[in-house]
Each structure stands twice: as structure tokens, then as C-alpha cells.
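**Student:** Sending over a structure as C-alpha cells; questions will come in a sec.
Protein chains: 2
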Amino acid sequence: VAELPAFSSRAEAAEADRLDPLARYRDEFLSREGGPVYLDGNSLGRQPRATAGAVSGLLDEWARDLVAGWERWVELPGAVGDRVGRLLGAAPGQVVVSDSTTVNLYKLAVAAVDARADRPVIVGDANDFPTVRYVLQGIAAAHGRRLRLIDSGPAEGAEAAAIAGAVADDVGLVCLSGVNYRSGAVADVPAVSALAHDAGALTLWDLSHAAGAVPVQLDASGADLAVGCGYKYLNGGPGAPSWLYVRAAMQASLRQPIWGWWGQQDQFAMGGAYDPVPGVGRFLAGTPAVAGIVALDAGISPLLSAGMPAVWAKTRRLVGLLAGRAEELLTPLGARSASPSDPARRGGHFSISHPHAWAATRALIDRGLVVADFRAPDVMRLAPVALYTSYVEAWDAIDRIASVLADPSVGAFVAKRRVT
Amino acid sequence: VAELPAFSSRAEAAEADRLDPLARYRDEFLSREGGPVYLDGNSLGRQPRATAGAVSGLLDEWARDLVAGWERWVELPGAVGDRVGRLLGAAPGQVVVSDSTTVNLYKLAVAAVDARADRPVIVGDANDFPTVRYVLQGIAAAHGRRLRLIDSGPAEGAEAAAIAGAVADDVGLVCLSGVNYRSGAVADVPAVSALAHDAGALTLWDLSHAAGAVPVQLDASGADLAVGCGYKYLNGGPGAPSWLYVRAAMQASLRQPIWGWWGQQDQFAMGGAYDPVPGVGRFLAGTPAVAGIVALDAGISPLLSAGMPAVWAKTRRLVGLLAGRAEELLTPLGARSASPSDPARRGGHFSISHPHAWAATRALIDRGLVVADFRAPDVMRLAPVALYTSYVEAWDAIDRIASVLADPSVGAFVAKRRVT
């Protein structure tokens, strides 16, 4: 991946906005004129303008059709799953939408561990998102497995080199993130998957910080299993349902631990013994959150319309702009990059570390300048979102962060963790 | 429980409607004038008039507050859980709302089985709702337990007498439903809980068909654990999140299998090792479906306002009316009761069996007469809902069912299972 040319002036950023082929999508999301620069779409994506109508349409269906609405709603986990799959390079019939990311991760990790019953080790990343680590800890404790954690360094990611040392023939499952939630480091999914497969292990990817931001080609990557969040770059709203992917060839041979009626053959016959459908539907458990799926569908529509290549092209330029200006303006103020030094390994967000990161993040919000995201102990994450963040916003955000980091009152602010 | 006086005429039913202290709640739910009698609120409750505003308010919060909305939303699983608890006789701090009923059942059943590690048997009911049976089958298979299924008879319920024979000192968990989903039979929760406790077992109750319809006093009942559905009598809409109850005294000693960041102490510190909060929050896993919880909150508000004693008083009269008229009009047409013969053991719905039940249910819907619910092979469930079903509607419903059962074309209808 070639390094992109840096922006050298605000006028140049404004010109990039003028030429931006994605500019028209900005108006498809709700935002307040003159509000802060929103760089937290990787925590909670903005609300698409179409969401209210989609949800209202569902409420109308519920009011009008009552229980008969299920004749249509029953298809939603698979239908919207297939649309998520289009974003992720997954052919139809491999993705369903339901449950939370944590629950989906649990279901797939247990399925994988059970499928490799003779292999006592699960490989994970000590720097991974908490819920991934906790789910694996719980499974290891309950299933008599050992966790072998790679430590890829807080500013890097799950590199093939680090993993090569950890993956041996005692490993049943390699569970990593496609984009690290702190640093934004991108994993080499095909290389890691190949390594894991050579050793006889399965791979499970948490793509919460990847899906909708960076290119993902699930079918081509060799990934066996994946899950991801619906409320970050997929814009599904707070607590949106998660999606899960199981490669078609593996579906019939894997069995998840939560045996529920939504995974059952001929579900409404309510037969005696659990006998799951052969396809990806066997990874459903209970009744899916219909309103959440409808909102998620509205959330991914602009991404499907824009296409991931265009989204990624702009994301890279935005992240490059942030990284370049941060180097220029924030490094002299005591910040350092908390993202990969190699631009080719950066995903959809850029992070800095600074001793006053918490107070600065708080001050930026309180002063209505920038909504960034703090991660303990000292990281500020900056996530521009291609569909609704402009180059000028990204440019201005660094100026504003610099003004706050340079403000002596911010450094004196007593640190008290904010809840997000 | 004294038998209620039967209704002897439609005029008497109309008079009961005129005097009904709950009549005003009817207008708090959306319905179509002249539509069919809706007797399927135990599959999907009607939509409260307030739901659209509540959901729209959440969308406004999302649009306006973005990620800062979490400062409020983070409290919702517990706050709405406490309100559900008020309906169920549970003091605050014992109920949370999140995930599906299937997932919650799984979490609590595994927690209970793990807490009784030396006891190899789980007692369940062969006539229970499929997802309950499947979840227990999966746990038994994965955890090396045996299922001991009582067979309480399709028209009866989980009776203390039947259970006494099954519960011995090899039993770790007794998992039953408070109201049977087919017959509407009510279990004696205090008696069964006492039996189980005498044997050293824990109890887990699926109250999906009980909560919001029949009286439930969780704290007083001796139940250890319970779960229930949000989209039946609690009116939360299709796929509404479920609730779970864990008796306060047991919370710290139970650990659920899905170790997620929403159960973690000091969640946003994102610490290294899973260390769950001491309270009921440890039974959360991933990010809860905020829109679903908000809609559920709107769904239970009319129940909290009306109060469960008034709801139950009317439910009993409605079910009694259906049972009495079914005996009079439907028995001569080949139907028989599929609900307990003892009125005191009937819950919130009344079921009949008839060889043409499927075709009749379909014809009642197609002709816009009654929305009832078919359960294979031959059961038609009739669920009047105290807050929005009138006595006259219940009266008329039996006339309409009789007209359809008497129609020779319905009997000739080729049975093809309907999807609901």
C-alpha cells in the first residue's frame, strides 16, 4: 500500500471535501450544525436519516399485522445477515444477525473448541477488547482449555510473526481481532488463517472495529468464523444486534452450545429433540430483536450504496490526515502515536497517548470541540467515519486537540474516569 | 380459589365491560376498529400507544447525545429490570433485562448446574416449551448431566405430586414453566420450590406465559432463578429483550458461563481478568439492546399502572368465560378442553383440541374473525389479555369459532402448517 500524499493546508482539505465522491452521504446521517467534530463513530455510529422511518415502519407492521408479522420478520436474521455479508465479502447463507457480540463470540468459540476437542490451547491476544478476553477466559475455565496470549504490543496488532510462535499442534482455536480496538492495528487475516490452518486450528475473528471501515473479504481470507458489532461503523444504534459468520463448508459440522428453538429444524413443529438446521441458522438461539435488526439494516444501507472500496479509500486518507497532523501538532505537546508506525497497518481509527488524555478528552467534549474516546490509562482514540466525517473536520479536530493539550488548566484537571 | 359465576348472556358480558375497572386501558393499545378478536397476546402482545413515542425519544437521544447517551442507557437493564420485578413480586436489584429468553435460560441453568456440580440430574418437563427442553438437552450433553423429564400430561402442568417422584438427592436443578405454554396450566411455584430445596436442588422457572398475566410473587415463592419473555403479556414488541431474576442471596455465589464486559466490575477500566460485579449485573453479558428495553418499558407501564391483582381478577373471569362457553358450544362440535379441568389451575389462556384445529385457526384468521394460535398437532390456544380484551370479545370469539368448526369446508381444508 503506497503512502498517501499528506494534506498541507486546510484549503487542501476543503478541496478534498469538494471532490469527495462520498460527500453526499454526509446528509444521510443526522448531525447538528456547528456541533463538535464527532470522532467516536467506532463506539456508536451516527444515526442514519432513514432509521426513524424504518423503525416506524416496523411499529406499523406490529400494530397492523400483530403475530402474522412473523411471516416476514422470521426471515430478517438471514436476510439482513446476507446484506452484512455483502459488506464483508461473504456469499449469502453464511451470516446471521442476532444476539450481542459477546453472545455470538461465545457461541462460535465454544463450537470451535468442541470441534477440536483434543487440542487444549486457545490462542488469544492480551491486548484484545475486554469482552473477547473474558469470553475466552470463561470458556477456558469451563472446558478445561489453556489460554495462550500473544502480546503484540499496545500500538501494534495481531501480527503473523507473533502468532507463528504461539500456534502449534496443541492449538484448537485462534481468536483475534481484525482491527485492534485501541491502536487500530489491522491484522493480516489471510496470513494468520493460513498459519492456524497449517497447525490444524480454527480461526475466529472479532471484526467489530473492522466491518464497515476497512476492507474485509471473509470468503477469500480463509477465516472460519467471525463476529462483529452492529452499533459502530454499521450504524445500528445503541445495543444493535451483532452479526456472526460461519464459513458454509463448516456449518454442518459445528454445533453451538445454546440450543434454542430458533436453530431448530421445522421450528414450529416444536419437536422433542433438538435437531438444528444444517445452515448458518443453527447459530441462532432465541427470538431475534426485530426492531434492532430493522435499524441495523437501515444502518448498513449507506455503506452498501457507497461500496467498501470507496469507504476504505476515504478512511485511509482521513486517518492519514489525522496521523500526519498529530505528528506535527500534538507530538510537541507530549503526545505520541498509539497506532502502528506503518501506515499500511492502520485501520479506521488513529490513537494517541498522552498523560492528560482523560482530562483532554473530557475538556474537548465539555467545550463542544471534538467527541473523541478515552481508553484507560492514557489513550485517546480518533475515529473519522468516511460516510460522515469531512477532511476539514479531521483537520480542525487536531487543531482543537492541540489547543486543549496546550491549555495548562486541562493538565491540572483531576482525573476521574468518564463512563462510556 | 372459588369458581367464578358464569356469564349467561352477551348482555351480561357487555354489562361486565361497562363495569370493568380496566376498561380504560383498552385505549392505551393500538387496535383496528372492527378487526378480529385478538386472542394471541401470549404470542405477541398488542402495541401500547406510548411505544412509538418512547422509541422515537430514544432515537432523538441517540441523534443528539451520540455516545454520551450511554451515561443514561447504561442504567436501563437494571432500572427496567426493577420495574419488571415490581410486576413479579421481586424487590429491586434482582432482575435485569437483556438478551433473549433462550440465552437467559442458558446462562442461569448453567450457573445452577455448576453450583451443584456433584449432582448429575436436571429435572424438566417433557411438555415444556421447546426452547426450554432444547437448552436443557444441550446443557446436559455438554456438562455430563442427565435429564429426568416429568410427564405431567398435555392438559395439566408441573404438579408438585409429579415432581415429588422425580426430585431426589441426585438432582441439582429443577427447571419448569410457571404456566404451560400449551395448556395454560399453572405450576405451584412455592410447593415445587420447597420440594426442590428439601432435596438440595435449585429451581429455575420460565415465566414467559405467567409474567403479566397471572400472579407471581418471586421473592415469596422460594424460587431461586427465573426468566421470562418480553413480547408476550409484557407488550415489548417482536423480539423484545427478556428478563432474568436471581434471588439476591444467591447472586454472589453463582457464575454464568458467558463472561462478558457488561458483567465486569468497573467495566470501562477494561481490566485484565474477568471479575464480575457482585450483584445481578453479573448475569449480563454483552451490550444490551437499548431500543428494545425502552419499548419493553413502555410495554409494562400499563400493567404497573393497573396492578397485577386487577389484571388477574379480569384474566380469570375472561378465561372462565371462554372455558364455559367452549364447553357449551365447542364440545358438541368435537372440541375438548386442552387446559386443566380444575379452574383454579388455569392461567392466562385456555386451549382446546380438535382434529381440525389447524384449518379452523387458519379460517378464523382468513375470515377476519379471531386471531387464535395453533400448536401442533391439534391445539388452538385462546389468550384473552385483561388490559385490552373485552368480555364481549371473548363471548363473540366462541360464537365465531363455533361457526367455523361447524363449517364443513373447514374440515375439508388441506392441512398445511402455518408459520407463527
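Protein chains in written order, with this note's numbering: chain A, -15 to 404; chain B, -15 to 404.
Every residue gets a Cβ at the ideal spot worked out from N, C-alpha and C, and that includes glycine.
Return the CA-CA distance between B:R70 and B:L288, expressed in angstroms with no decimal places.
**Tutor:** By 1-based counting over the second sequence, the position of residue 70 of chain B is 86. By 1-based counting over the second sequence, the position of residue 288 of chain B is 304. If you take the alpha carbons of B:R70 and B:L288, they lie about 8 Å apart.
**Student:** What three-state label does DSSP hand B:Q235 in the structure shown?
**Tutor:** On the second sequence, residue 235 of chain B is found 251 positions in, with the first residue counted as 1. B:Q235 falls in the helix class under three-state DSSP.
**Student:** Taking Cβ positions only, does A:R70 come closer than 8 Å to chain B?
**Tutor:** Indexing the first sequence from 1 puts residue 70 of chain A at position 86. Not one chain B Cβ lies under 8 Å of A:R70.
**Student:** Considering B:T299, what are the terminal residues of the beta strand (DSSP E) in which it resides?
**Tutor:** Walking along the second sequence from the start, residue 299 of chain B turns up at place 315. Where B:T299 is concerned, there is no enclosing beta strand (DSSP E), although the alpha helix (DSSP H) it sits in stretches over 292 to 309.
**Student:** Give the single residue among B:L179, B:A194, B:A148, B:H181 whose Cα lies nearest to the Cα of B:R166.
**Tutor:** Here residue 166 of chain B corresponds to residue number 182 of the second sequence, with the count starting at 1. Taking only the C-alpha atoms, the option nearest B:R166 is B:A194.
**Student:** Could you compute how far the alpha carbon of B:G206 sits from the alpha carbon of B:I123?
**Tutor:** Taking the first residue of the second sequence as position 1, residue 206 of chain B is located at position 222. Taking the first residue of the second sequence as position 1, residue 123 of chain B is located at position 139. Using only the alpha carbons, I get a separation of about 24 Å.
**Student:** Taking 8 Å as the CB-CB limit, is A:A38 close to chain B?
**Tutor:** Here residue 38 of chain A refers to the residue found at position 54 of the first sequence. With 8 Å as the cut-off, A:A38 does not count as an interface residue toward chain B.
**Student:** A:G276 and B:A322 look like a contact to me (Cβ under 8 Å); what is the Cβ gap, rounded to whole Å?
**Tutor:** As a working note, residue 276 of chain A is residue 292 in the first sequence. As a working note, residue 322 of chain B is residue 338 in the second sequence. No, A:G276 and B:A322 are not in contact; Cβ-Cβ is about 35 Å, not under 8 Å.
**Student:** Kindly give me the distance between the Cβ atoms of A:I385 and A:L314, rounded to whole angstroms, as I take these residues to be in contact under 8 Å.
**Tutor:** Indexing the first sequence from 1 puts residue 385 of chain A at position 401. Indexing the first sequence from 1 puts residue 314 of chain A at position 330. Between A:L314 and A:I385 the Cβ distance is about 6 Å, and since that is below 8 Å, they are a contact.
**Student:** If I'm right that B:V176 touches B:V170 with Cβ under 8 Å, what's the distance once you round it to whole angstroms?
**Tutor:** Translated into positions along the second sequence, residue 176 of chain B becomes position 192. Translated into positions along the second sequence, residue 170 of chain B becomes position 186. Incorrect: roughly 11 Å between the Cβ atoms, too far for contact.
**Student:** Between B:L186 and the rest of its own chain, which residues show a CB-CB distance below 6 Å, the 5 nearest in sequence each way excluded?
**Tutor:** One-based indexing of the second sequence puts residue 186 of chain B at position 202. Within the same chain, B:L186 has close Cβ partners A96, L157, D208.
**Student:** Could you name each continuous alpha helix (DSSP H) segment of 4 residues or more that falls completely within the stretch 173 to 260 of chain A, going from the start of the chain to the end?
**Tutor:** Listed in chain order, they are 173 to 182, 202 to 205, 232 to 235.
**Student:** What does the Cβ neighbour count give for B:L3, buried or exposed, with the cut at 16 atoms within 10 Å?
**Tutor:** Here residue 3 of chain B corresponds to residue number 19 of the second sequence, with the count starting at 1. The residue in question, B:L3, is exposed, as its Cβ has fewer than 16 Cβ neighbours within 10 Å.
**Student:** Is the Cβ of A:I385 closer than 8 Å to any Cβ of chain B?
**Tutor:** Position 401 of the first sequence, counted from the first residue, corresponds to residue 385 of chain A. Closer than 8 Å: no.
**Student:** Could you tell me the alpha carbon to alpha carbon distance between A:L348 and B:A253, rounded to whole angstroms?
**Tutor:** Taking the first sequence and counting its residues from 1, the one referred to as residue 348 of chain A is at position 364. Taking the second sequence and counting its residues from 1, the one referred to as residue 253 of chain B is at position 269. Approximately 21 Å between the Cα atoms of the pair.
**Student:** Tell me, please, whether the CB atom of A:Y229 is closer than 8 Å to any CB atom in chain B?
**Tutor:** Within the first sequence, the letter at position 245 stands for residue 229 of chain A. Not an interface residue.
**Student:** Can you grab the Cα-Cα spacing for the pair A:D281 / A:G41, in whole Å?
**Tutor:** Walking along the first sequence from the start, residue 281 of chain A turns up at place 297. Walking along the first sequence from the start, residue 41 of chain A turns up at place 57. C-alpha separation (whole angstroms): 13 Å.
**Student:** Mind reading off the beta-carbon distance from B:V155 to B:V107? Whole number of angstroms is fine, and I expect it under 8 Å.
**Tutor:** Sequence index remark: in the second sequence, residue 155 of chain B carries index 171 (1-based). Sequence index remark: in the second sequence, residue 107 of chain B carries index 123 (1-based). Confirmed, Cβ separation roughly 5 Å.
**Student:** Where does B:L280 fall in DSSP's three states?
**Tutor:** Along the second sequence, read from residue 1 onward, the residue named residue 280 of chain B stands at position 296. Looking at B:L280 - three-state DSSP - the assignment turns out to be helix.
**Student:** With a threshold of 8 Å between beta carbons, is A:G108 in contact with chain B?
**Tutor:** Walking along the first sequence from the start, residue 108 of chain A turns up at place 124. Not one chain B Cβ lies under 8 Å of A:G108.
**Student:** Rounded to a whole number of angstroms, what is the C-alpha to C-alpha distance between B:W227 and B:V79?
**Tutor:** Residue 227 of chain B sits at position 243 when you count from the first residue of the second sequence. Residue 79 of chain B sits at position 95 when you count from the first residue of the second sequence. In a straight line, the C-alpha of B:W227 is about 7 Å away from that of B:V79.
**Student:** To which residues does DSSP link B:D109 through a beta bridge?
**Tutor:** As a position in the second sequence, residue 109 of chain B is number 125, starting the count at 1. Answer is B:I134, bridged to B:D109.
**Student:** Kindly indicate if chain B contains any beta-carbon less than 8 Å away from that of A:P272.
**Tutor:** Counted from its first residue, the first sequence places residue 272 of chain A at position 288. Closer than 8 Å: yes.
**Student:** To the nearest whole angstrom, what separates the beta carbons of B:V94 and B:P241, a pair I think is in contact under 8 Å?
**Tutor:** By 1-based counting over the second sequence, the position of residue 94 of chain B is 110. By 1-based counting over the second sequence, the position of residue 241 of chain B is 257. With a Cβ gap of about 4 Å, B:V94 and B:P241 count as contacting.
**Student:** Does DSSP put B:D1 in a helix, a strand or coil?
**Tutor:** Locating residue 1 of chain B in the second sequence gives position 17, counting from the first residue. B:D1 falls in the helix class under three-state DSSP.
**Student:** DSSP three-state call for B:R384: helix, strand or coil?
**Tutor:** Taking the first residue of the second sequence as position 1, residue 384 of chain B is located at position 400. In this structure, B:R384 counts as helix in the three-state DSSP scheme.
**Student:** Give the secondary structure of B:V369 by DSSP, where H, G and I count as helix, E and B as strand, and everything else as coil.
**Tutor:** Translated into the one-based positions of the second sequence, residue 369 of chain B becomes position 385. The answer is coil: DSSP assigns B:V369 none of H, G, I, E or B.
**Student:** Where B:L133 and A:D98 are concerned, what is the direct C-alpha to C-alpha distance, given to the nearest angstrom?
**Tutor:** Counted from its first residue, the second sequence places residue 133 of chain B at position 149. Counted from its first residue, the first sequence places residue 98 of chain A at position 114. Near 26 Å, if we compare the C-alpha coordinates of A:D98 and B:L133.
**Student:** Which residue wins for smallest C-alpha separation from B:P118, given the options A:A257, A:L202, A:D326, A:G318?
**Tutor:** The sequence position of residue 118 of chain B within the second sequence is 134, counting from 1. Sequence check: residue 118 of chain B is Tyr here, not Pro. The shortest C-alpha separation from B:Y118 is found at A:A257.
**Student:** How about A:P368 and A:L28: are their beta carbons less than 8 Å apart?
**Tutor:** On the first sequence, position 384 is the one that residue 368 of chain A refers to. On the first sequence, position 44 is the one that residue 28 of chain A refers to. For A:P368 and A:L28, no; Cβs fall outside 8 Å.
**Student:** Measure the C-alpha to C-alpha separation of B:G291 and A:Y229 and round it to an integer number of angstroms.
**Tutor:** Numbered from 1 along the second sequence, position 307 holds the residue referred to as residue 291 of chain B. Numbered from 1 along the first sequence, position 245 holds the residue referred to as residue 229 of chain A. Rounded to the nearest angstrom, the two C-alpha atoms are 44 Å apart.
**Student:** Beta-carbon within less than 6 Å of A:S374's beta-carbon, same chain only, minus the 5 sequence neighbours each way: which residues are those?
**Tutor:** Indexing the first sequence from 1 puts residue 374 of chain A at position 390. Closer than 6 Å at Cβ, skipping near neighbours: D1.
**Student:** Tell me the residue span of the beta strand (DSSP E) that contains B:S161.
**Tutor:** As a first step, residue 161 of chain B must be located in the second sequence, where it is residue number 177. Unbroken beta strand (DSSP E) run through B:S161: 155 to 161.
**Student:** Who does A:P32 pair with in a DSSP beta bridge?
**Tutor:** Residue mapping note: residue 32 of chain A aligns to position 48 of the first sequence, counting from 1. Bridge partners of A:P32: A:F13.
**Student:** For B:P225, decide whether its Cβ has a neighbour in chain A, counting only Cβ atoms nearer than 8 Å.
**Tutor:** Residue 225 of chain B sits at position 241 when you count from the first residue of the second sequence. It does: the Cβ of B:P225 has a partner Cβ on chain A nearer than 8 Å.
**Student:** Beta carbon of B:A269, beta carbon of B:W246: below 8 Å?
**Tutor:** Taking the first residue of the second sequence as 1, we reach residue 269 of chain B at position 285. Taking the first residue of the second sequence as 1, we reach residue 246 of chain B at position 262. Yes. Within cutoff.
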